[in-house]
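Novice: Line by line, the protein sequences are chains S and Z.
Take 0 as the starting number for the first sequence in numbering that gives the first Met the number 0 and just add one per residue.
Take 0 as the starting number for the second sequence in numbering that gives the first Met the number 0 and just add one per residue.
Backbone N, C-alpha and C fix where the C-beta goes; we use that ideal spot for every residue, glycine too.
I have a structure here, written as structure tokens, and I will follow up with some questions on it.
Protein chains: 2
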Amino acid sequence: MTNPTAAMLVIGDEILSGRTRDSNMYHLAQALTERGITLREVRVVADDHATIATAVNALRAAHDHVFTSGGIGPTHDDITADAIADAFSVGISHRADAMALLAAHYARGGQDFNDARQRMARIPDGATLIDNPVSIAPGFTVGNVHVMAGVPKIFEAMLAGVLAGITGGAPLLSRTLRLMRGEGEIATAFAGFAAEHPDLAMGSYPFNVNGNYGTNLVIRGTDPVRLDAALLQLTDLLA
Amino acid sequence: MTNPTAAMLVIGDEILSGRTRDSNMYHLAQALTERGITLREVRVVADDHATIATAVNALRAAHDHVFTSGGIGPTHDDITADAIADAFSVGISHRADAMALLAAHYARGGQDFNDARQRMARIPDGATLIDNPVSIAPGFTVGNVHVMAGVPKIFEAMLAGVLAGITGGAPLLSRTLRLMRGEGEIATAFAGFAAEHPDLAMGSYPFNVNGNYGTNLVIRGTDPVRLDAALLQLTDLLA
């Protein structure tokens, strides 16, 4: 069985302008790898209705799951829910269960449940709500698209809920051989080793420490016994 | 005059697997914003020939500049140069000037200029070399696509060279009003303010400090006088 595939869509002018350094991509990549879901592509796009809708449609057609981050708050620049409804050609309206959750939350805090806050209950028709244990305003899943908040703490909490409901595959494991030798010195031997192990993925990642070049050779696969054996062989060959 | 637009293509299994946290996107976003080039889209794709070629062609058709990161080293998993040549339907071969640069570099270090290292002199036909002051092996520009290394120090050094040769527009500036009030409380007033200033871009970014909600309201534009005036008005309105 091959593992399910996924894509991520980050919606955020603040990422593209360099104001904010994204952390949700890094978090999602690790969480999916642990769970045996292969993240194949990430796109970061601007807060633009047509751009978001086009990207969502391209990604949901190509992958088993799409995870989005950003643009579901109460302000005028939060346009993700409308763009997703448009991508799926469904309506969008203030949903009763989301309204009830939010009304109770603001009542508890003695805060006005105003129009802006009510916007966060606007959910595309046919969606399932994603629980938000941090600040209540829900995300939602439509088809294979999981729509989550951009604030990292909320994104991470929502993702934990979504992943609990998704069947993954065998987790992708890795073994790393760290060498204080340049890539060019070991590249030919490493290529030969990779060719002899077509069932394992091999990557080479150079680094520089205090002016000295080194290389991390990474072996990836799903069988830990096979990975351990390959790491021993590679160590004998190069270290 | 509108500012030139750009896209970035990050090539890297190691980013998608969560092994490495990308930093080149954040660096590029800031550098382009300072230079008046609008970064409109970023894609992160796997080390796969056809995927890279398809993404490059989509991005170079849609934007004035495309910046790529990763996959131009000496190892078997470094396939970016071949994929770019394919995307442009041009040949690729060991180029004399790149060979000479690298041969001299390895001769200086007393190191063998082996086949793997010679791979780094494979450059698509018609490309211009991008200088690599860190580790010599060059990047290259073909058409509007600037192909650079993934190692952050090298990416940043190559980018500085590329940007020196690109004409940007008016730098995008921003002013931020930080409020210890939740987004939902100020959203309606902020939307009204944004509507009154259609020439400025306005974004709202919630945060949480020790359990208290706050919001950064960001005003973006190219005219510093106009931005300062707008920030004063917004402060009067909300702070």
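Under 8 Å by Cβ, that's how I've got S:R59 and S:V161 pegged, so tell me the actual separation to the nearest angstrom.
Specialist: One-based indexing of the first sequence puts residue 59 of chain S at position 60. One-based indexing of the first sequence puts residue 161 of chain S at position 162. That belief does not hold up - the Cβ atoms of S:R59 and S:V161 are roughly 15 Å apart, past 8 Å.
Novice: Only counting runs of 4 or more residues, tell me where the alpha helix (DSSP H) segments fall wholly within the region 115-189 of chain Z, in order along the chain.
Specialist: With a minimum length of 4 residues, the continuous alpha helix (DSSP H) runs that stay inside the region 115-189 of chain Z are 151-163.
Novice: S:N207 by DSSP, collapsed to three states: which one?
Specialist: Here the question's residue 207 of chain S lines up with position 208 in the first sequence. S:N207: strand per DSSP, three-state reduction.
Novice: Specify the secondary structure class of Z:L226 as computed by DSSP and reduced to three states.
Specialist: The residue you call residue 226 of chain Z lines up with position 227 of the second sequence. Here Z:L226 sits in helix by DSSP.
Novice: On the DSSP letters alone, give me the boundaries of the alpha helix (DSSP H) that Z:I91 sits inside.
Specialist: For the purposes of this step, residue 91 of chain Z is taken as the residue at position 92 of the second sequence. Premise fails: Z:I91 lies in the beta strand (DSSP E), I91 to H93, not in any alpha helix (DSSP H).
Novice: Below 8 Å between beta carbons: does that hold for S:I10 and S:V41?
Specialist: Position 11 of the first sequence, counted from the first residue, corresponds to residue 10 of chain S. Position 42 of the first sequence, counted from the first residue, corresponds to residue 41 of chain S. No, Cβ-Cβ distance for S:I10 and S:V41 is not below 8 Å.
Novice: Would you say Z:T53 faces chain S, with C-beta separation under 8 Å as the test?
Specialist: Position 54 of the second sequence, counting from 1, holds the residue named residue 53 of chain Z. It does not: the Cβ of Z:T53 has no partner Cβ on chain S nearer than 8 Å.
Novice: Can you check which of these residues, Z:L158, Z:I185, Z:S203 and Z:D227, is closest to Z:V65 by C-alpha distance?
Specialist: Taking the second sequence and counting its residues from 1, the one referred to as residue 65 of chain Z is at position 66. Looking at the Cα atoms, Z:L158 is the closest of the given residues.
Novice: Output the distance between the C-alpha atoms of Z:T239 and S:V150, rounded to the nearest integer angstrom.
Specialist: Residue 239 of chain Z is absent from the structure shown; chain Z starts at 0 and stops at 238.
Novice: Below 8 Å between beta carbons is the criterion; list the residues of the region 113-124 of chain Z that meet it against any residue of chain S, in chain order.
Specialist: The region 113-124 of chain Z vs chain S, Cβ under 8 Å: N113, D114, A115, R116, R118 and M119.
Novice: Could one say the Cβ of Z:V208 lies closer than 8 Å to chain S's Cβ atoms, at least one of them?
Specialist: As a first step, residue 208 of chain Z is located in the second sequence; it is residue number 209 there, counting from the start. Output row for Z:V208: interface = no.
Novice: Can Z:A156 and Z:L101 be called in contact, C-beta distance under 8 Å?
Specialist: Numbered from 1 along the second sequence, position 157 holds the residue referred to as residue 156 of chain Z. Numbered from 1 along the second sequence, position 102 holds the residue referred to as residue 101 of chain Z. Not in contact: Z:A156 and Z:L101 (Cβ atoms no closer than 8 Å).
Novice: How far does the alpha helix (DSSP H) with Z:H48 in it extend, from its first residue to its last?
Specialist: On the second sequence, position 49 is the one that residue 48 of chain Z refers to. Z:H48 -> alpha helix (DSSP H) spans H48 to A61.
Novice: Name the chain A residues that come within less than 7 Å of Z:L38, Cβ to Cβ?
Specialist: In the displayed structure, chain A is absent; the protein chains listed are S and Z.
Novice: Can you grab the Cα-Cα spacing for the pair Z:A229 / Z:R177, in whole Å?
Specialist: Reading the second sequence from its first residue, position 230 is the one you call residue 229 of chain Z. Reading the second sequence from its first residue, position 178 is the one you call residue 177 of chain Z. Rounded to the nearest angstrom, the two C-alpha atoms are 14 Å apart.
Novice: Taking all protein chains shown into account, decide if S:M179 is buried (16 or more other Cβ within 10 angstroms of its Cβ) or exposed.
Specialist: Along the first sequence, one-based indexing puts residue 179 of chain S at 180. When all chains shown are included, S:M179 counts as exposed.
Novice: Is the separation between the beta-carbon of Z:V146 and that of Z:I71 shorter than 8 Å?
Specialist: Mapped onto the second sequence, residue 146 of chain Z falls at position 147. Mapped onto the second sequence, residue 71 of chain Z falls at position 72. Yes. Within cutoff.
Novice: Roughly how many angstroms lie between the CA atoms of Z:R118 and Z:N215, to the nearest whole one?
Specialist: Taking the second sequence and counting its residues from 1, the one referred to as residue 118 of chain Z is at position 119. Taking the second sequence and counting its residues from 1, the one referred to as residue 215 of chain Z is at position 216. Each residue's alpha carbon lies about 48 Å from the other.
Novice: On the three-state DSSP scale, how would you describe Z:R20?
Specialist: Walking along the second sequence from the start, residue 20 of chain Z turns up at place 21. Z:R20: coil per DSSP, three-state reduction.
Novice: Starting from S:E182, find everything on chain Z with Cβ-Cβ shorter than 7 Å and list it in chain order.
Specialist: Counting from 1 along the first sequence, the entry for residue 182 of chain S is found at position 183. In chain order: G72, P73 and T74.
Novice: Using a beta-carbon distance below 8 Å, is S:F189 in contact with chain Z?
Specialist: Taking the first sequence and counting its residues from 1, one reaches residue 189 of chain S at position 190. Yes, because at least one Cβ of chain Z sits closer than 8 Å to the Cβ of S:F189.
Novice: Decide if the region 22-31 of chain Z is in contact with the region 196-210 of chain S; the criterion is three or more beta carbon pairs, one per stretch, under 8 Å apart.
Specialist: Flag = no, the region 22-31 of chain Z and the region 196-210 of chain S do not touch.
Novice: Sort S:A54, S:R20, S:H62 and S:D12 by Cα distance to S:T1 and report the nearest one.
Specialist: Working through the first sequence from its first residue, we reach residue 1 of chain S at position 2. Of S:A54, S:R20, S:H62 and S:D12, the residue nearest in Cα terms is S:H62.
Novice: Using DSSP with H/G/I as helix, E/B as strand and the rest coil, what is Z:I14?
Specialist: Within the second sequence, the letter at position 15 stands for residue 14 of chain Z. Z:I14 falls in the helix class under three-state DSSP.
Novice: Comparing C-alpha positions only, which one of Z:I218, Z:I14 and Z:T140 sits nearest to S:R39?
Specialist: Position 40 of the first sequence, counted from the start, is the residue given in the question as residue 39 of chain S. Nearest C-alpha to S:R39: Z:I14.
Novice: Whole-angstrom Cβ separation of Z:G35 and Z:A169, contact assumed at under 8 Å?
Specialist: Stepping through the second sequence from its first residue, residue 35 of chain Z is reached at position 36. Stepping through the second sequence from its first residue, residue 169 of chain Z is reached at position 170. Z:G35 to Z:A169, Cβ: 5 Å. Contact.
Novice: For the 8 Å Cβ check, are there 3 or more pairs between the region 98-114 of chain Z and the region 181-188 of chain S?
Specialist: Yes, the region 98-114 of chain Z is in contact with the region 181-188 of chain S.
Novice: Tell me, to the nearest whole angstrom, how far the beta carbon of S:G90 is from that of S:A97; I am working on the premise that it is less than 8 Å.
Specialist: Numbered from its first residue, the first sequence carries residue 90 of chain S at position 91. Numbered from its first residue, the first sequence carries residue 97 of chain S at position 98. Between S:A97 and S:G90 the Cβ distance is about 15 Å, and since that is not below 8 Å, they are no contact.
Novice: In angstroms with no decimal places, state the Cα-to-Cα distance between Z:P132 and Z:I153.
Specialist: Position 133 of the second sequence, counted from the first residue, corresponds to residue 132 of chain Z. Position 154 of the second sequence, counted from the first residue, corresponds to residue 153 of chain Z. Their backbone Cα atoms lie some 8 Å apart in a straight line.
Novice: State the CB to CB distance for the pair S:R116 and S:H93, rounded to an integer number of angstroms; the pair is presumed to be in contact (CB under 8 Å).
Specialist: As a position in the first sequence, residue 116 of chain S is number 117, starting the count at 1. As a position in the first sequence, residue 93 of chain S is number 94, starting the count at 1. With 8 Å as the limit, S:R116 and S:H93 do not qualify as a contact, their Cβ atoms being about 11 Å apart.
Novice: Just the chain S side, please: which residues come within less than 8 Å of Z:V217 by C-beta, in chain order?
Specialist: Walking along the second sequence from the start, residue 217 of chain Z turns up at place 218. Within 8 Å Cβ-Cβ: E13 and R18.
Novice: Determine the chain Z residues that contact S:Q29 at a beta-carbon separation under 9 Å, and present them in chain order.
Specialist: Taking the first sequence and counting its residues from 1, one reaches residue 29 of chain S at position 30. Going along chain Z in sequence order, the residues near S:Q29 (Cβ under 9 Å) are S16, G17 and R18.
Novice: DSSP state of S:I218, grouped into three classes?
Specialist: As a position in the first sequence, residue 218 of chain S is number 219, starting the count at 1. Here S:I218 sits in strand by DSSP.
Novice: In whole angstroms, what is the alpha-carbon distance linking Z:D114 and Z:G138?
Specialist: Mapped onto the second sequence, residue 114 of chain Z falls at position 115. Mapped onto the second sequence, residue 138 of chain Z falls at position 139. Going from the Cα of Z:D114 to the Cα of Z:G138 covers about 18 Å.
Novice: S:G17 and S:F87 - do their beta-carbons sit closer together than 8 Å?
Specialist: Within the first sequence, residue 87 of chain S is the residue found at index 88, counting from 1. Within the first sequence, residue 17 of chain S is the residue found at index 18, counting from 1. Going by C-beta atoms, S:F87 is not nearer than 8 Å to S:G17.
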